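Numbering (my numbering), first residue to last: 79 to 314.
Backbone N, C-alpha and C define an ideal beta-carbon position, used for all residues, glycine too.
Just so it is clear, the structure is predicted and the values come from calculations on it, not from any experiment.
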């Protein structure tokens, strides 16, 4: 899905970037949907903290997907769970256009979108203790050893998400790279704010609510593995 990375500099809020920008081309259909849907469902990165009840016009659990790619899974989850609110964060414009097209085609009303860096969105717009869940599905694995420090999932990132999750909120990750799955398990098992929903050191079978992507289906046919991890923010 979205390219994810981190940068090395003293300040965490400045240091972490959740992406490496590699823009592709947007189709005419995606561009048209973006122009029609964005004024109603698009959110800007600057401004006050969001009032989620006011934003969606109701009081409902809110879930954030970081790096939603082309938006297929996010749109499917929103369609399958109309009683939940969803916020998608994606830096790649064609992906945002693709999600807008799906929103328009399916008549979805429970999604809002940021076309910006996830870390800055969390810092500036998402209230503390407000989210029922955060999804990080198939982030860039940065499989070369010298690039592993660029992976978005680091201890600081896990701690930051914990600030925005409600007590009992879930952080759900999925990857098709075994080395990244091991890295995720190591980072999250050491994170003091979370407990593993599957049990210590255990991975979770794919929950029904996470759509099976075409890429994932192809991987299954080829014998490739996929690892899901769900960690719960501890109640205080």
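Burial state of residue 307 (16 or more Cβ within 10 Å): Residue environment for residue 307: buried (at least 16 other C-beta atoms within 10 angstroms of its C-beta).
Uninterrupted beta strand (DSSP E) stretches inside the stretch 220-253 (no shorter than 3 residues): Complete beta strand (DSSP E) runs here, min 3: 243-253.
For residue 131, the three-state DSSP class (helix, strand or coil): For residue 131, the three-state secondary structure derived from DSSP is helix.
CB of residue 194 within 8 Å of CB of residue 169, strictly: A contact, by the Cβ cut-off of 8 Å.
Straight-line Cα distance separating residue 143 from residue 215: When the Cα atoms are used, residue 215 and residue 143 turn out to be separated by approximately 8 Å.
C-alpha gap between residue 295 and residue 155, whole angstroms: Roughly 17 Å between the two C-alpha positions.
Short Cβ contact (8 Å threshold) for residue 249 with residue 309: Going by beta carbons, residue 249 and residue 309 fall inside the 8 Å limit.
DSSP state of residue 291 mapped onto helix, strand, coil: When DSSP states are grouped into helix, strand and coil, residue 291 belongs to the coil group.
Residue 302 versus residue 313: straight-line alpha-carbon distance, rounded: When rounded, the distance between both Cα atoms is 36 Å.
Contacting residues, own chain, Cβ-Cβ under 8 Å from residue 141 (five flanking each side not counted): If we look at residue 141 and ignore the five residues flanking it on each side, its Cβ neighbours are 155, 162, 163, 164, 165, 209, 210, 211, 212, 213.
Assigned exposure category for residue 147 - 16 Cβ within 10 Å defines buried: Around the beta carbon of residue 147, a 10 Å sphere encloses 16 or more other beta carbons of the protein chains shown; the residue is thus reported as buried.
Residues near residue 150 by beta carbon distance below 6 Å, same chain, minus five either side: Excluding positions up to five away in sequence, the list is empty.
Beta carbon of residue 266 nearer than 8 Å to that of residue 236: With respect to residue 236, residue 266 sits close: the two C-beta atoms are nearer than 8 Å.
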